[in-house]
Amino acid sequence: MTEIDPQLDLTLTRIIRAPRAAIWRAWTDPELLARWWVPAPTVARVDRLEVRPGGAFVTSLSDDGAAFSPHTDGLFLVVEPERRLVFTNAIDSVWRPAAPAPVAMTAEIVLDAHAEGAEYRALVRHGTAADRQRHEELGFAEGWGAVTAALAALAEAA
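Numbers in the working numbering are just positions in the sequence shown, counted from 1, shifted up by 1.
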């Protein structure tokens, strides 16, 4: 993982008591990703998931399970199976520069071996200190923490 800049980056680390392969499947299988990608009770739909460098990452969300609105429209930058995913929403799924709400970001997910399963690390980079602050104020710790807990529950039950 690249060095962390506390002025621009937010991080989350958790030990997941599951093999890296199970966590990887939860990230790369659209049906599994939809089960944990947004905090409950919101529902996610995976519209495009092309897990390869330059591949699309597009999701929608719904509060009622019927009407969906856009959530993520980005692309994968780095894909190292069962080890590392890097994606951004600063470039959309058709490779156009984007100005996503609420903030542009690049996220790096790293899975390392751990005696109890895997160490899961998320590093979320922002272009400005103001964007980082906004993401934190919008509930980064709570939101990313909730979905990581849901990811862990899914992977640990596999």
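Ideal placement from N, C-alpha and C gives every residue a C-beta, glycine not left out.
Check, Outcome
"Of the listed residues 76, 37 and 78, nearest to residue 155 (C-alpha basis)", "37"
"N- and C-terminal bounds of the beta strand (DSSP E) containing residue 89", "85 to 89"
"DSSP bridge partner residues for residue 73 (one or two, in chain order)", "60"
"Contact test: residue 55 Cβ vs the ligand MG heavy atom, cutoff 7 Å", "Here there are no bound small molecules, and the ligand MG is not part of this structure."
"Of the listed residues 132, 120, 135 and 96, nearest to residue 150 (C-alpha basis)", "120"
"Collapsed DSSP secondary structure at residue 46 in the structure displayed", "strand"
"Beta-carbon proximity list for residue 47, same chain, < 6 Å, skipping 5 on both sides", "31, 34, 35 and 60"
"Residue 88 beta carbon less than 8 Å from that of residue 108", "yes"
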